[in-house]
Structures are given as structure tokens and as C-alpha cells.
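Remarks on the structure that follows.
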RNA sequence: GCGAGGGUGGCGGAACUGGUAGACGCCCAGGACUUAAAAUCCUGUGAGGGAAACCUCGUGCGGGUUCGAUUCCCGCCCCUCGCACCA
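Numbering (my numbering), first residue to last: 21 to 854.
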């Protein structure tokens, strides 16, 4: 019997899949489609276990869907623009292009060794002009739609990466990529008006309730941060100026006892001119500006403020209240100014107590006590208005609405909505990215590159500076152009686009990756989109997934796409950890996928990864667990090799014994029970670990059956032979999404033409699931005391009688009164005694 | 602080709708095969008690509902993730 030899088997089948282009797909409206996508990788050098897990989960699903009769689009490509390429090139005195392509080559080989079912004809790399020209095209289309603008603003600047970062790319004040501190800097750059889509991006989350994890939806909703409220104008006393504030609690307007401006607010500086406060204010502004941004914006940070020397008038009650400036009010949210209602806002409360500012209760507390001196903390709950003139007694939404209506009628304010989401800064001051298709002309100003001139090629002959400054800025051949409008000498924009733009629509491109007329063809995108199942890490919960949804909505508005959302189902896979920590070079706990494949083969690696934990949970790497996976495949192989000769016999015997009939029926039941279990675990629960456990139990059963059979027969019957063949075929097919190479080999040797993924997924038959005899648990007062084997069709009364007569049960019921008997059909009977 | 998820043997995990807790696998122990080892196969494997049959306890902690709770409810502890002065 030949040993299980994964090396030979895997090489053989990988070669065959490649030669036959087994996973190539075409648009085929006659067939139901299934678009399965794993987040495409950045070509960083080598595949790591996180990739392996991601692709293995996807591949198991893809193969399952093939077998279920779907036309499966399962593509792969490379997110190949980005800074690591540049940094590595600087270090190695090489070129990002060289480095990137070398990595793609290595990683392609590694991925192929995993036996993944990709349509390699659709492979794309975002650093190729054929791809990034459509980034430029999108930029220009967005520009036409008024969704792109250029502004000079305070931006997040990473000193280490030497470039600007979008808000989403700053994590706890640090750069998402390199973990270095982010500073603010005044810089001119391009922005995408993602805020125009804030409401739609928020509302769209509702369509994803079924398909997306709640966690991701919540994170996006928080990030968008919608709040409804009102804008109110407060007139400044003895001045023509007024201060506009945003509040979510217009119902507390009568409780505003002071106002606070952000130190950066233009009025902070201008209003204090000529007052006694002038120097104090200037010192304060300087001080706050120098304050660490994280410290300033973190809750519990000390609230510092200064009186500006001026007063404003509460437009509702005409009261004169002081205007302050303080560090806890931020210029980039709302209007950069607030009305302070200390009784009903905990920040205002803290500030008022610290600076001895008046506090007035205007929402009636449950105990009715409106003495602010008794207040221990701000009362932020909704309630009936009080001390609020004509509005007294109104509460909640009605109160807010009535106040808003009043403000509007007096033209001193209006109901409005605020978002936390900021526009997406897409300019990057680096080289290895998509050039922004813009030309600056002395006469015509900012001129878009005409579509016919796309792509604006990223020059590959650029020499990188050693600190990461973009060489484009000094590359004359790139910069100097003629203005497309007036033909006068002009300069090219040297910023490149954020690489998140590449990943915001690559899934669209996969539907027609070689189209050189459009970013994607309408026919293909209508057929394939949305992505039915998207799989990737939770770390992209906001960044990539929000940007992609934004792009999708814009494309949709352009009439290019029908689907409401780009990804109908999202699976966020858990991390791969070892010794309790994320695998990392610095911890020295990295397991190289190549070594595992070399030692055990891809099937073992895949099987272990899927078996060790459900996809969404973190996975603890275990060398012994891998060994276990290998042992299981060897066991399958031995069962197959040891039993396959049985099919060569011409059946003569009849195996008619009663025991044989029972065993055979039990085998048949196991086949169908296993099909049901594995199918539902994959399809309904995406829980591959229990699916594999089911297959393992099936193998255990098959082994025992075969051994018994061989010990009890000299001449296998046709019936036995057929049933056993059905069992083996079923086993092979159920196993094939998880361990495809070994499955293909066995499938072929069983004499089937074609590959396993072309075969139909086994169907179970409800009638074969039922056993003749079932085990019933008998409890006395909720404790298991006996297990009875009874005919499946037994009626309740006989079951009760049989249980009560059972000697073991009588030991527990003797001398006691039977209060009641609960029967759970086909499961359990509970006798309550006293 | 707010929101979400989680806490089950020595370990990874299972128990899907309130119905046998610990499926499946790993580790470990004993046995078979072998000159020996590896591989493989068999048996055992939550804790405590008992020669055994079997009994008691047991799903983070404390309570509750129920014939019956890992599952539902109340209170608490711990861990992970996200948000966090957003007016």
C-alpha cells in the first residue's frame, strides 16, 4: 500500500488545475453567480499565516459553491502601490518597481502551493498603468461631480512616512502603518468629499444587517458619527458679530449660562482685541495649540479656559452670558463654539464648577428638585422642560422640535445635522502611487488632464531620495508639460493618490480585468456585483470598507453599477496567534507557511487552520494540532488504499445476515447524517471546524464498518459494495473543499472523470436520516438515571410505562409520589417525584 | 465611562430552538505490533469517592425563573476589541 505522499499528489493536481484553467470563469447569465473575494494582499515579500487563513477560508467556500452549481468568481490580485516598496527600495538601493514585482513572483508561487481555486487569468496589480489609469479616471470623474477639491489645511503628517494621512489613518495619534507620532501641519492637498455621502453611508448599513457583523457596522456608524440638533446664533453684546453654536439639546437652551469658543475660533482672537483679557487670551491660545493633541482630546483631560472679556445674549430669554474660550472645545467639530448648559452636560458641569460659573436646571429632575446647588453631577437624561418660559412641560423629541421651530421662525437658528466624518484627504507626498492627473497652468489655473491623455504614467526612471521625499518634485521630464487648454508651459501635480483608492474599486475591476476602454464593463458588473462573500481582517473595518462603500455609491450615482452595496456578506476572520500573541518577527513566534507545506503539504495546513477554530475567532497555532491534521489525512488515505480493492471484486456473496443488514442501514444513515451536518455547517453557519469534525466521525465509522465487514464476509455482496462505494464517494466529496488535493487523487482513482469541484455536492435524503432504534434519556427530578433504547416510533404512553417500570428508575421512585412526567419526543423523559 | 464580544477538562474547541455538558481533535497513560524505535491500531482520560455497580460535584462568581439552565432574567468579577471632552 503506498503511503500518503502529499508532495507528489499536490504537485500533480496543482499542475493539472493550472493547465486546465480549472477555475476560469466567464459571465454566464444562465447560471447563478457567486462572487467570492478575499481582501487582496499587499506584496510585502512573503505570505504569512494570516493570508493562509484568509485564503483557505475563502477557498473552502469557493469550492463548495462550485459543487453547489454556482458560477464562481474567485479572483486574486495585488494591492501593489504603497510606501513599504519605497522604503525597501531606499534601503536596498533598488527600485520600488523591481522590489514589488519580485515580491509578487514569490508570493504567487507560495499561493499556488496552497492549491487555491483562483481564476489566474483575472490577476491584476494596482501598480500597473492598465489599472491605475482608472484611478485617475475616477479622480477626474469625481472632480466633474464636484466631489474633489483642493484646500490648504491642517493635515495629519507622519514624520516617518514623510506624507499626509487621512483621519481614518491616524490611530490613537499614531500612524496606522508605522506607529510613529502624527503631527499637524499646514499643507495644500486634494480631498474627496466623502462627507456628501455621510448619510447614505450610514443608512446603507441597515441593508447590511443580515450580512455584516454588528461590530463592523457599529464601528462605521460611530466613525460617521451623525448627531441631530440645532444651530443657534448668539448675538454678541455691543457688537455686530454673532456666535453660531451647534447643540444636540435645543431643549436646554434656557439653561445656557455661558458660552465657549474653541481657542482656534477666529472670534476668540478678534473679540478679545482691546479688552483687558487680550494678553491672557493670546497666551492661552498659544498654550493650547502647543498642547499634545491626544491629551487635549482625551476624556478626563484637564479642562482649561479663560474669559474673553465679552458677553453674548441668549436669543431665547435675552439673558446676558459670558463668553469663554477653553481647550475642550474643538474647532473641527460643529461650529467650533458651544453654548454651555452645565446642569445638563457633564463637560459643561465640570467646567462651571471649576470656574464658579452659574448653573441652572431647565430639565425637571425626577425628584422635582431644581436647586442647582444640590446637583452632584450633570443630569443628561431627557425630561420635561422647566424654567423655560412658554416651553415648560414639553419633553424629549417634541420639546426639541418645538424649540427648533421657534428658532427658525425667529430666524435665529434651525434644526441641523452634524457628522464626525471628515473629508478624505487623498494627496500623498510620496512617489510609489498613482499620479494625480492634474496640471497647474499659470494662466488657466488647475487643469484636469484630458481623458484621452490617461494614464499619466508614473516615471520608472526616478531616483529615490534617501529620506523618502518624492523624486517627482525634481523630475523635470515629469513636471514640465504643456497646458492642455492653452498649450503654454505648465507644471504637473506631483502628489500621488492615497493607495486606499486602489483598493476602493478593485473588486469591480475583477469583473472585467482586461477592459482597456472602461474601468469595468457594465454587462459584467451587472452580472457579478455585489460581492456575495467578502473575507478579510477586522483591521479594515473602517478604512478600506468605508472608502469602498463610498466609491460604490458614487459609481452608482454615475449609473455604472446597480447593486446597492458592494459587499453583501462580510466575514471578518480572527487573528492567527502563537503562544498567546500575534505572530511577529520581534516576538520570534512566526511560523512560515512554506515550512508547513514542505513538511506536511497544503492539505494538512488547510485542514488544521479550518479545524482549529471557527473562522471568526482567533486561532492559536499549534504544531501538535498540525500533526493531528496530518494524521487524519493519513488515516483517510489508509482507509482508501486499504479498501479500494473491494470494488475490483465481482460480487458473488450476498451478505444477507440480519446483522449485516443492520450495519448496512446504519452506514446509510451515517452517510446522510454526515452530508446534512457538513452542508449546514458550511452553508448556514460557516463553521468549518464542526464540519470537519463531522467528517472525522464519518471516517471513524467507515473504518469500523469496513473492518467488521471484512471480518464477517468472504464474498462481498453487490449491495454492500454499492453502499460502501457511496460512502467513500461521499467522503471524498465532503472532504474536497477542505483538502482538495487528496480528494482529487482519490476521486480519480475511484474512476470518476473530471475534478471534484465539477462534481455535484452530495444531497441527503430525509428518509435515511431516521434510525430504527433511538436512545431516550430517562431523568428523575432532572437527573439522568437511565438510558433506554426504544423503537423510533414508540408512542408516548408506552415510553412512559417502560420508563416507570425500569428497575433502575424504580430505585429512585420507590415510595415516592410521581407528580408528573415530562416527555420530550425522541429525546428525553423526566419523572418528577416527591 | 459607553458599545460589542467572550469566560466550558491539561490544551484547541463542541453542545444550532431551555432537554444526556465536554462532540471532534491534541496532549498524557496503559496495551498490541516490533530485536528496538518511529508509524499504526486498541483502551482509558472533567474532579472527588468506591473493588465494582454506581454516587456526589462540576460550564467565571452570587441569586432567580423552570420538571430541567452552558443556554433565559437580575447583580457582580475578569478578559478582548472598538469608541471616547464630538457639544
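Think of the CB as a built atom: it goes at the ideal place given N, C-alpha and C, for glycine as much as any other residue.
Task: For residue 510: DSSP bridge partner residues - done: 461, 501
Task: residue 217 classed as buried or exposed, judged by whether at least 16 other C-beta atoms fall within 10 angstroms - done: buried
Task: Own chain residues within Cβ distance below 7 Å of residue 138, not counting five before or after - done: 43, 94, 95, 96
Task: Run of the beta strand (DSSP E) containing residue 433, from where it starts to where it stops - done: For residue 433, the enclosing beta strand (DSSP E) stretches over residues 433-438.
Task: residue 656 to residue 762 span [Cα, whole Å] - done: Approximately 9 Å between the Cα atoms of the pair.
- [ ] From the DSSP output, read off the bridge partner residues of residue 359.
- [x] 279
TODO: Starting from residue 178, trace the alpha helix (DSSP H) both ways and give me its first and last residue.
DONE: Counting along the chain, residue 178 falls outside any alpha helix (DSSP H), though it belongs to the beta strand (DSSP E) covering 168-178.
- [ ] Assuming residue 459 contacts residue 508 (C-beta within less than 8 Å), just tell me the rounded distance between them.
- [x] About 11 Å separates the two Cβ atoms, so there is no contact after all.
TODO: Evaluate contact between the region 295-307 and the region 322-341, counting only Cβ atoms and requiring at least three cross-stretch pairs below 8 Å.
DONE: yes
- [ ] Check residue 554 in the structure and name its three-state DSSP category.
- [x] strand
Task: Per-residue DSSP class, three states only, for residue 489 - done: coil
Open item on the list: Using 8 Å as the threshold, is the C-beta distance between residue 249 and residue 406 below it?
Closed with: no
Task: Cβ-based burial, residue 181 [other Cβ within 10 Å; buried from 16] - done: Buried, by the Cβ-count rule.
Task: Helix, strand or coil at residue 268 according to DSSP, with G and I counted as helix - done: coil
Open item on the list: Checking 8 Å against the spacing of the C-beta atoms, do residue 850 and residue 806 come in under that value?
Closed with: no
Task: Residue nearest to residue 475 in terms of C-alpha spacing, selected from 72, 444, 31, 156 - done: 156
TODO: Check residue 345 in the structure and name its three-state DSSP category.
DONE: strand
Open item on the list: In the DSSP assignment, the alpha helix (DSSP H) including residue 426 goes from what residue to what residue?
Closed with: Per DSSP, residue 426 belongs to the alpha helix (DSSP H) from 416-429.
Task: Identified DSSP bridge partners for residue 210 - done: 170
Open item on the list: Tell me which residue opens and which closes the beta strand (DSSP E) that residue 133 is part of.
Closed with: Careful: residue 133 lies outside any beta strand (DSSP E), inside the alpha helix (DSSP H) at 116-133.
- [ ] Would you mind giving the Cβ-Cβ distance between residue 549 and residue 581, rounded to the nearest angstrom? I have them listed as a contact below 8 Å.
- [x] Indeed they touch by this definition, with Cβ atoms about 6 Å apart.
Task: Contacting residues, own chain, Cβ-Cβ under 8 Å from residue 269 (five flanking each side not counted) - done: 249, 361, 364, 365, 420
Open item on the list: Can you confirm whether the region 642-657 touches the region 681-696 when touching is taken to mean that 3 or more C-beta pairs between the two stretches lie within less than 8 Å?
Closed with: no
TODO: Can you grab the Cα-Cα spacing for the pair residue 617 / residue 36, in whole Å?
DONE: 19 Å
TODO: Check the DSSP bridge columns for residue 203 and list the partner residues they point to.
DONE: 177
- [ ] Whole angstroms is fine: what's the gap from residue 377's alpha carbon to residue 302's?
- [x] 22 Å
TODO: Quick one: using the 10 Å Cβ neighbour count with 16 as the cut-off for buried, is residue 293 buried or exposed?
DONE: exposed
Open item on the list: I'd like to know whether the C-beta atoms of residue 331 and residue 349 end up nearer to each other than 8 Å.
Closed with: no
- [ ] Starting from the Cα of residue 255, find the closest Cα among 242, 278, 246 and give me that residue.
- [x] 278
- [ ] Put residue 455 into one of helix, strand or coil per three-state DSSP.
- [x] Note: residue 455 maps to strand in three-state DSSP.
Open item on the list: Restricting to Cα atoms, I'd like to know which of 206, 754, 285, 104 is closest to residue 198.
Closed with: Looking from the CA of residue 198, the closest CA among 206, 754, 285, 104 belongs to 104.
Task: residue 387 and residue 447 closer than 8 Å at C-beta - done: No, they are not a contact pair.
TODO: Note down the Cα distance separating residue 689 from residue 757, rounded to an integer number of angstroms.
DONE: In this structure, the CA atom of residue 689 is about 23 Å from the CA atom of residue 757.
Open item on the list: Assuming contact is defined by CB atoms lying nearer than 8 Å, are residue 190 and residue 196 in contact in what I supplied?
Closed with: yes
Task: For residue 38, the nearest candidate out of 133, 98, 632 (CA to CA) - done: 133
- [ ] Look up residue 68 in the DSSP assignment and say whether it is helix, strand or coil.
- [x] In the structure shown, residue 68 sits in coil (DSSP, three-state: anything other than H, G, I, E or B).
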